[in-house]
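Here the structure is laid out as structure tokens; the discussion comes afterwards.
Number of protein chains: 2
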Amino acid sequence: MVTLAEVARHAGVSASTVSYVLSGKRTISSGTRQRVEQSIRELGYHPNAGARALASSRSNIIALMMPLRTDMYVPVMMEIAVAVATTAREHQHDVLLLTGQEGPEAVRRVVGSGLADAMILMDVELEDDRLPLVREARRPAALIGLPADPRGLACVDLDFAATGRLCVEHLAGHGHRDIAVVGEAPAVYERHTGFAERTLDGIREKSAELGVRVLHRPCEGSYESVAGTLARIFDERPGTTGLVVQNESAIEPLLSLLRQQGRAVPEDISVVAICPDQVAGQTSVALTSVAIPAQEMGRRAVEMVMTRAGLGGAPAMTGTEQVELLPPRLTVRASTGPAPAAAGPLPG
Amino acid sequence: MVTLAEVARHAGVSASTVSYVLSGKRTISSGTRQRVEQSIRELGYHPNAGARALASSRSNIIALMMPLRTDMYVPVMMEIAVAVATTAREHQHDVLLLTGQEGPEAVRRVVGSGLADAMILMDVELEDDRLPLVREARRPAALIGLPADPRGLACVDLDFAATGRLCVEHLAGHGHRDIAVVGEAPAVYERHTGFAERTLDGIREKSAELGVRVLHRPCEGSYESVAGTLARIFDERPGTTGLVVQNESAIEPLLSLLRQQGRAVPEDISVVAICPDQVAGQTSVALTSVAIPAQEMGRRAVEMVMTRAGLGGAPAMTGTEQVELLPPRLTVRASTGPAPAAAGPLPG
DNA sequence: GTGAAAGCGCTAACAG
DNA sequence: CTGTTAGCGCTTTCAC
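Going line by line, the protein sequences match chains Z and B. Just so we're aligned: the first sequence equals residues 1 to 348 in the working numbering. Just so we're aligned: the second sequence equals residues 1001 to 1348 in the working numbering.
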């Protein structure tokens, strides 16, 4: 294994000079720099991570904690994870993957051992077990999701309330007066993740404002569940002409069922989905949708912890409250259109 | 920060004793052990990861390298990643998440810096860029997937050839004589990932053996693409009564299209899918399927690197070739049945 | 069964 | 602009 000392000897300089060439923490004459860089290349030197962490008490590692449950929409989580890893590399950091498996203890372990300099928590719940530990850890942390009490924490999330309002605005703008929400699975509401409720709040608020009637039904992702939910919706509100779908796995079954029932999209019924753009484009009818900005959430979370660690150029700010709600963007595709003139029972 | 030295003082022993209590590498009288453990708990001591890595030249970290492309089926990748992380913890290791972003260089960086003790590569291609570096790294590594030349490497994968044979056997057993394969996207074949070809090989072999006719068509996941593929299949082979689907994202559109065309599953046409069990159970018609054993692949990969690192109880064996193909399991659900008596054109 | 002490490879004062 | 040096906290001989 090539060490810094060997590089120093090879380049005819002292160890500290090599170290400073690497870190850029003091000015080096371009002559020495060249020779050192040359030696580094020739010897194939890589600084030892452990030694560096020990001496500098910074590991250059960010811990990313995934939720225990897997009922979250997986592609979004994956996209966040990849964005976190990519952005972290841009800041000379690596990412340690923690699953919820170990529970809140993982926070203590990773922080206590100095394994990670900072952490990012995904799928944060309103009352999250991990938050007390995160607060007392006194390490930069960023949450993806919005807890009930974000005091002293950094959080990024999609502005779900605005998302809800946007969906209603779009449908109302097309003359829909009676809409239904195909919501998340009941378990999601019970777990109090917050985002589902916030979406509903936004939907209800804007509906009230615009005089639109709303019916909300939670819905699992299975075909049967969607069938049942749809049946109950049309049973209770036969005049429904607009649907907002928040459960991504319900989308395909939903479209399939509507087609089977002879309800044309968007002629008879308009559908707005809250889902990744990639999904919205692949369905049988391209979906008007509000995207979940997974990449941006991951990127911002990393930038937040870097800033809070004092590595962003600005001074450190661990402990400051910082809530960032990303504005929703609605993309109009083929699944929404004007409300049918007479919103009566099934056509034909 | 609590250090080992402080624990030692608190317990009235020497630093090395504390270290040995922690590692179990020498026998400690139960008296001292108790006192040390007590002190550790009281002081909330966590060994410093950097110091430990430096002194022992083992980081207790496994690098997991994900593919750059995102056209792999995401839920499977995620499941593998979670299984890797979970199993790693059972072996006192953490997982570092690397994306393909950096390319093969990432291997060099992580290994050179001693950041990771071992690595696991996902989505390995037949001629994978990373393999030369992995070979010269002389660190334990495990591949998920099977390269053209596995010499000196450890690999786990589903036995896709056997999977193909199994699908054909099942359909042939139900009297199907004319089957079609809805394959992966053309890009997957072009990239030479191997698994798609191996599945086909198995399908063709068993078909030849059993006198079944096979038509293969690559297929993207989009609705249009599936529609086109299906049209071409039934155009060319109207008598097709069995379908093997390998592209998971094609499944929902496929079922939806068959229904629209008035082809009942399984009465008119049988469908076997190669996909996670969870997907197979959620579709409108529960799918007879061969599962991708994602969890087991992740788990085995970790166990392989642990063994090769000499941490599995047995002696180390880096450099030994070790190819492990997991046997496929076919689960019969509702999407397959006897071939219709007269396999003619569309019913009705 | 336990201690003492020599590093592991790097960083960051301190000294010029 | 560069060199010297004292640790960082732990593991692991060696010694008893």
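We put the CB at the ideal spot given by N, CA and C, even for glycine.
For V13 (chain Z), name the three-state secondary structure that DSSP assigns.
V13 (chain Z) falls in the coil class under three-state DSSP.
If we count the other Cβ atoms within 10 Å of its Cβ and call it buried at 16 or more, is V1332 (chain B) buried or exposed?
Within 10 angstroms of the beta-carbon of V1332 (chain B) lie fewer than 16 other beta-carbons, which makes it exposed.
Any C-beta of chain Z within less than 7 Å: which residues of the segment 1106-1133 of chain B qualify?
Taking 7 Å as the Cβ-Cβ cut-off against chain Z, the residues of the segment 1106-1133 of chain B that qualify are R1109, G1112, S1113, G1114 and L1115.
Under a CB-based cut-off of 8 Å, is E1252 (chain B) close to chain Z?
It does: the Cβ of E1252 (chain B) has a partner Cβ on chain Z nearer than 8 Å.
Under the DSSP definition of a beta bridge, which residues are partnered with H1216 (chain B)?
Paired residues: B:V1181.
P253 (chain Z) classed as buried or exposed, judged by whether at least 16 other C-beta atoms fall within 10 angstroms:
P253 (chain Z) should be labelled buried.
Apply the 10 Å Cβ neighbour rule to G12 (chain Z) and answer buried if 16 or more other Cβ atoms are within range, or exposed otherwise.
G12 (chain Z) is exposed by the Cβ-count criterion.
Rounded to whole angstroms, how far is the Cβ of L1158 (chain B) from the Cβ of P1328 (chain B), which I believe are closer than 8 Å?
6 Å between Cβ atoms; contact.
So what does DSSP say about G1348 (chain B), is it helix, strand or coil?
Because G1348 (chain B) carries a pLDDT of 41, less than 50, the predicted location of this residue cannot be relied on, and the following value inherits that uncertainty. Correct three-state label for G1348 (chain B): coil.
Rounded to a whole number of angstroms, what is the C-alpha to C-alpha distance between V1084 (chain B) and T1307 (chain B)?
As the crow flies, the alpha-carbon of V1084 (chain B) is around 15 Å from that of T1307 (chain B).
Which ranges would you report for the alpha helix (DSSP H) in the segment 99-185 of chain Z if only whole runs of at least 4 residues count?
With a minimum length of 4 residues, the continuous alpha helix (DSSP H) runs that stay inside the segment 99-185 of chain Z are 105-112, 130-137 and 160-173.
Anything in the segment 205-228 of chain Z with a Cβ closer than 7 Å to a Cβ of chain B? List those residues in chain order, please.
If the cut-off is 7 Å between Cβ atoms, the segment 205-228 of chain Z has G221, S222 and Y223 near chain B.
Quick one: using the 10 Å Cβ neighbour count with 16 as the cut-off for buried, is L146 (chain Z) buried or exposed?
Counting Cβ neighbours within 10 Å, L146 (chain Z) comes out buried, since at least 16 surround it.
Run through DSSP, which three-state label would I80 (chain Z) get?
In the structure shown, the three-state DSSP call for I80 (chain Z) is helix.
For M65 (chain Z), which beta-bridge partners are listed by DSSP?
Residue pairing for M65 (chain Z): DSSP places it in a beta bridge opposite Z:L98 and Z:L121.
Indicate whether at least one CB of chain B lies closer than 8 Å to the CB of P266 (chain Z).
So no, P266 (chain Z) is outside the interface.
Short CB-CB distance (under 8 Å) between Q282 (chain Z) and chain B
Yes, contact with chain B.
Tell me, please, which residues DSSP counts as bridged to G1242 (chain B).
Answer is B:I1179 and B:S1270.
What's the gap between the Cα of P276 (chain Z) and the Cα of E136 (chain Z)?
A straight-line Cα-Cα distance of about 35 Å links P276 (chain Z) and E136 (chain Z).
State the Cα-Cα distance for the pair P1238 (chain B) and T1229 (chain B), rounded to the nearest angstrom.
Straight-line Cα distance between these residues: approximately 13 Å.
Which residue comes first and which comes last in the beta strand (DSSP E) that contains S1056 (chain B)?
Note, S1056 (chain B): premise wrong, no beta strand (DSSP E); alpha helix (DSSP H) at A1049 to S1056.
Kindly indicate if chain B contains any beta-carbon less than 8 Å away from that of V18 (chain Z).
Chain B contact via Cβ: absent.
Using three-state DSSP, classify L311 (chain Z) as helix, strand or coil.
DSSP places L311 (chain Z) outside both helix and strand once states are collapsed to three, so it counts as coil.
How long is the line joining the alpha carbons of Q246 (chain Z) and L1126 (chain B), rounded to whole angstroms?
Each residue's Cα considered, the two are about 40 Å apart.
Cutting at 7 Å between CB atoms, please list the residues of its own chain near Y20 (chain Z), excluding the five before and the five after it.
Excluding residues up to 5 positions away in sequence, R26 and I28 lie with their Cβ nearer than 7 Å to the Cβ of Y20 (chain Z) in the same chain.
C-beta contact flag for F88 (chain Z) and L98 (chain Z) at 8 Å
It should be pointed out that residue 88 (chain Z) corresponds to Ala in this sequence rather than to Phe. Not in contact: A88 (chain Z) and L98 (chain Z) (Cβ atoms no closer than 8 Å).
Counting Cβ pairs, one atom from each stretch, are 3 or more of them under 8 Å apart for the segment 1173-1193 of chain B and the segment 1289-1304 of chain B?
No: the two stretches stay apart, fewer than three of their Cβ pairs being nearer than 8 Å.
Give the DSSP bridge partners of L355 (chain Z), in chain order.
Only positions 1 to 348 of chain Z appear in this structure, which leaves residue 355 (chain Z) out of reach.
Would G221 (chain Z) and Q1282 (chain B) qualify as a contact pair, given that the criterion is a beta-carbon distance under 8 Å?
The Cβ atoms of G221 (chain Z) and Q1282 (chain B) sit closer than 8 Å to each other.
is_contact[E102 (chain Z), chain B] using C-beta, thresh 8 Å
At least one chain B Cβ lies under 8 Å of E102 (chain Z).
Could you name the residues that DSSP lists as bridge partners for T1331 (chain B)?
According to DSSP, which records beta bridges pairwise, T1331 (chain B) is partnered with B:S1289.
Let me see if you follow: with CB-CB separation under 8 Å, is T1331 (chain B) close to chain Z or not?
Not flagged as an interface residue toward chain Z: T1331 (chain B), since no C-beta distance is shorter than 8 Å.
Go ahead and pull the three-state DSSP assignment for A1343 (chain B).
In this prediction, A1343 (chain B) scores a pLDDT of 45, lower than 50, which makes its location untrustworthy; the coordinate-derived value is nonetheless stated afterwards. A1343 (chain B): coil per DSSP, three-state reduction.
One question on the structure: do V323 (chain Z) and L166 (chain Z) come within less than 8 Å of each other, judged by their Cβ atoms?
Taking 8 Å as the Cβ cut-off, V323 (chain Z) and L166 (chain Z) do not qualify as a contacting pair.
N- and C-terminal bounds of the alpha helix (DSSP H) containing R1232 (chain B):
Note, R1232 (chain B): alpha helix (DSSP H), Y1223 to E1236.
Round the Cβ separation of R954 (chain B) and R1204 (chain B) to the nearest angstrom and send it over; I've been treating them as touching at under 8 Å.
Nothing can be reported for residue 954 (chain B): it is not among the residues displayed for chain B, which extend from 1001 to 1348.
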